[in-house]
Structures are given as C-alpha cells and as structure tokens.
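Residue numbers (the numbering used here): 653 to 1248. These notes concern the structure reproduced below.
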C-alpha cells in the first residue's frame, strides 16, 4: 500500500547509471552521485493513481502522489500524513480526518477537501472501468462531507463497516489527486453520491465524459498533469527506456516522520532481460535490482564483485497457475486437480529457481497470520492425474496419442496455451517443464508470451486458457475479496480466472464486516479449504524479494511490504547527508529484516 532539474541529453544512458567518471569514487571506486537507478523488467503502462495496474507504475505513483496518511514501514501502522489519523465512530461508520494547513501540491496549490472528494468520486465513478479493482474496497463508502462546512475537516460516511476501512481510506489504496488539474470543468461537482452508489446516474453524460477524459491516456506522460504532493516530481519518460523523477525542493512534508527523501533523483530503468540486468549492475550502470530470477540471482558472485550486496526477504508473494474456469477444459475441478498432480514443483524450485522459494499450498501466504499450513498441495503424481482425467471423461479415443472428449456435442482435443510474460525466464522455463510432463499423459500445451501491459489486459478480460503469474498482498491481513469473489470476475476485476463459489462469496463478505479477529480467522480458514477443494488455480511457490544493490548506499532497510525497501530513505556514502532524528535508520526494524 505504501512505498514511497537536470537536463537530460543524448548521453543519458551513459550518465544515469551508478558510475560517474566525474565524481570521486567511494568504497570500491563507486560513484557518489546522489541518485538511485532502479531496474524494472517492464515499462509502466499508466502512472496515474487508479489507472496504474503494473508494479513499475505503482512504484512511480507512490513517489509523486500521497494518500491521506503515511505508513510506518516497520510496524505497517498508519501515521499522520497530509491529514491527521482518523477519528473513528464507535459503530465504525464515520471516519473523520483533518487536513494539514501546510499540505501542498507541487504547483503550490493547497490540498483541500475538494481534492479529496474529487479523487474518491473519480475512483468510484460507475463508468470508470479502469478503477474497478479499487471499487470493491470502496464499496462500503456512502458519501463524504465537510464537517461544519470546513473543507479542511472531512468525514467519510460508510454504509457498512469494513475491517480495513482505515487502511483503504487513508493508507495508500487511494492517492489524492489535484482537482484543479484532473477536473478542469468541475464535472465531479455534478456527480451526486447517491447516483454514484446506484450505478445508474440520471446525468449519465457527465459521468461518462468525466470517466472518458480521466482515462483517455492523454495525461499519463504530460508533466502539466503529473502534479502530486509527494517528495518527487515527474521529470522524463522515455518508452521502454526509463522514467526519471527528481526530488521536489519545495516538498511540504519534509518534517513528517516516514516521509524522508534523500536521493536527488530516482530513475526506473527498463531492461527486459534478466541477464542483461545482471550485466548492468556488474558494470555499475544500475544501482538496484529488487526482484530477479533465482538463477540470475545466484549467478552474481559477490566474491568476484565485492562492490555488490545480495539479500533475500520473504513477503506476501504468491506464484500460481491460473486456469480459466470458464474454459470448457478447465471448468471441471477434476481436471484442475489433475493438472496440479502433473506439476513437479520440487523439481522446478530446485532446478529452475535454484532453491530460492518455498512451496505454497494455500490461498493465503505463510507470511500472513491466517495461513492454513495443514492444507496439502497437489503432489506430483502422474498416475493419480491420469485416473482423474479418465474420471472426467478424457480418453485417447482415436489413438493419436492425445486425450480428447466430446464437449457440447463436439470432439475436443485436450489442447491449450500457457500465457507468460515476455522476459520472465523463470516463468518460461517452468511452463516448458510442465508442458513436457503434460505431453507424457496426452495433453498438448503450447506456450506464448506477451509484454506486460498485454498480459494484464488479456488476463483481466479472460482472454487466455492458462496463465502463470505472480501476485502480492498486504503485509498484515489479506482481504481475498478482490481476487476470489465472483463479482470481481467482471469489469476487468482481478478474479481473472473466473472463479465463482457462493460459499466463498459469503465468507468473503462476512470477513469484510467482522472486527473480531478470531472470527475472521475462522472465515479465512474455511475460505482456504474451499479454494483448496476447488483448485481454481494451482498455487506453486512463494519467492522472496531478491535484493541486489551496489554498496555505495547506507540507511538501507528491509520491510515486509513489497518492494521490501524504501528507496527514498537511501543515502549515498560520502554524500555528507545524515538521517533526520527519528528517521527510519534510528528506529531499526527487527534484526531478521536488516541487511546482513
């Protein structure tokens, strides 16, 4: 939920890296240039909050825009930000925030309740499809009002309680956008809360016009629209090369704890090949890799490159094979179980991921308090898989070596395509191993790969047979509603595998309005049991964040929320910068989370 002007010339690629011939080197001859060049596997799609659905875009957005509150990265507890911590009514239906009078956007405009109301109306606009993943979290929100007419004191009125309301309203799910930039015609002023909630506004044209303008894509790269309240300013975006951000010299929140920002520039550099990324950090052309394949991680020898630091940190990450449950082949849970029995996870973890992963059997990760460790995963058992397939009616009726079945009156071969992300060698190698095993029992599985934005679009519109993917969740309690509730299978929701189960829906709905942790634990245990029984996806493993960075930084800490580090906290050795009193470096996280 949280994370955090120099002219660029044609020599950018030479000058943006970790090495700088014009700067005196520190330890190991490393540069003292006060910037962080951070590797990204894929370019961002759209960095504007609410419209950003990929990791790179979300990282960038977190530097430019802020939510109402900040987060203590050590404890994951909310702290004051542009607004006070909320006053919460006894019935959990009213959350009242007071905005800081000195809070400003980067263009100098003060942040008021008008900006807050605009942001939430825009997100909840029923015609704004791109924000659908946030709407399910905001569904309990009924309206927002100004207390006593004061636009600096805002009350959120909920129609029903939700145990994560405080985090959803102010902890990073929704980042506050400037109304004067993104609503120049004041269209949201004409959008009544009752019509937003009904989904059927009378003045439909206004809602549609506002949704179309906001999501048009015209604003995603234009600096005049990329105005936020965060510690960094948008500087430059070169497609499939880099996104550059520069420190905001007039950042309003400099004195707020957990808002520290020391690097003058953060550059997110796209390199679409793992091996090329490893070569770049060895050459000191980039400073940081936060998540790379196991083999490439292991290939970097810190004895030969003593200026490089490597670490691993487990967080709430899941790798899984999504079976499109609406696909004629995968609509039968016996088939889905059979597929699980044909995946040799132990072999893949050992040979492809080089042991840097833990098997995962449940819908909730082992880093989460509700994880059910008693659930067994589908063991690699081809004989059991063959039996299940036979029970489901799959046989080799024509002796061609491949299974087939009559579905809806038509002979259908057991043939499908795995969809991967371009450049992700681990996924590619894993599906190659799996497809070979499937072939031995008469299943033909092709493999295709798409660049990230297309992969996301295909999964969210269910245009795939099977897809291997990675997902993350909260560092504390997960709310699986977004991924497993049947309502999220529509409108580009994140139930991309089209899983629909009435009991799961009910459990997820009860979980959201329950404030008794013990009861939530019971709901989540039963939820995991049902998902295990139905196998809408095959959970594979959980991998840690694999940190690789140049030893030219200090004040480096790890956290349990991805990306498991906070780059604005980093200080270049020899820069003469010292952390502020009470800053993260003086309030250390548990030893197990620190760089070794």
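Even for Gly, the Cβ is constructed at its ideal location relative to N, Cα and C.
The C-beta distance from residue 806 to residue 734 rounds to 11 Å, too long to fall under 8 Å, and the pair is not in contact.
Within the stretch 744–807, the complete beta strand (DSSP E) runs of at least 3 residues fall at 746–750 and 793–798.
With fewer than 16 other Cβ atoms from the protein chains shown falling within 10 Å of its own Cβ, residue 1167 counts as exposed. According to the DSSP secondary-structure assignment, residue 1201 is paired through a beta bridge with 940 and 961.
Assigned with DSSP and collapsed to three states, residue 840 falls in helix. Between residue 1025 and residue 1018, the gap from beta carbon to beta carbon is short of 9 Å. By the beta-carbon neighbour count (other beta carbons within 10 angstroms, threshold 16), residue 1079 is buried.
Boundaries of the beta strand (DSSP E) harbouring residue 732: 729–732, taken from the DSSP string. For residue 1178, the enclosing alpha helix (DSSP H) begins and ends at 1169–1186. Restricting attention to 748, 962, 901 and 994, the CA atom closest to the CA of residue 1092 is found in 994.
Here residue 970 really is in contact with residue 1123; their C-beta atoms are around 5 Å apart, less than 8 Å.
Note: residue 917 is bridge-paired with 687 and 898 in the DSSP secondary-structure output. By the C-beta criterion, the stretch 706–714 is judged not to be in contact with the stretch 757–766, since fewer than 3 inter-stretch pairs fall below 8 Å. In this structure, residue 1055 sits near residue 1041, with a CB-CB distance shorter than 9 Å. With a contact defined as Cβ atoms closer than 8 Å, residue 976 and residue 1101 miss out at about 17 Å. For residue 974 and residue 698, the gap between their C-alpha atoms comes out near 25 Å. In the three-state reduction of the DSSP assignment, residue 877 falls in the coil class. Counting the other Cβ atoms within 10 Å of the Cβ of residue 1058 gives fewer than 16, which makes it exposed. In this structure, residue 747 sits near residue 808, with a CB-CB distance shorter than 9 Å. Assignment of residue 993 by DSSP, reduced to helix, strand and coil, places it in the helix class.
Three or more beta-carbon pairs separated by less than 8 Å are not found between the stretch 944–954 and the stretch 699–706, which leaves the two stretches without contact.
Each residue's CA atom was taken as its position, placing residue 981 and residue 856 some 40 Å apart. Of the residues assessed, residue 695 falls on the buried side of the cut-off, its CB having 16 or more other CB atoms within 10 angstroms. Approximately 6 Å separates the beta-carbon atoms of residue 1148 and residue 1112; this is inside 8 Å, confirming the contact. The Cβ atoms of residue 826 and residue 772 lie closer than 9 Å to each other. Here residue 680 is exposed, its C-beta having fewer than 16 other C-beta atoms within 10 Å.
Residue 1004 has its alpha-carbon roughly 9 Å from the corresponding atom of residue 1085. Judged by DSSP in its simplified three-state form, residue 1093 adopts coil rather than helix or strand. In this structure, residue 834 sits away from residue 783, with a CB-CB distance that is not shorter than 9 Å. Secondary structure remark: continuous beta strand (DSSP E) runs of at least 3 residues inside the stretch 1105–1155, in chain order: 1118–1124.
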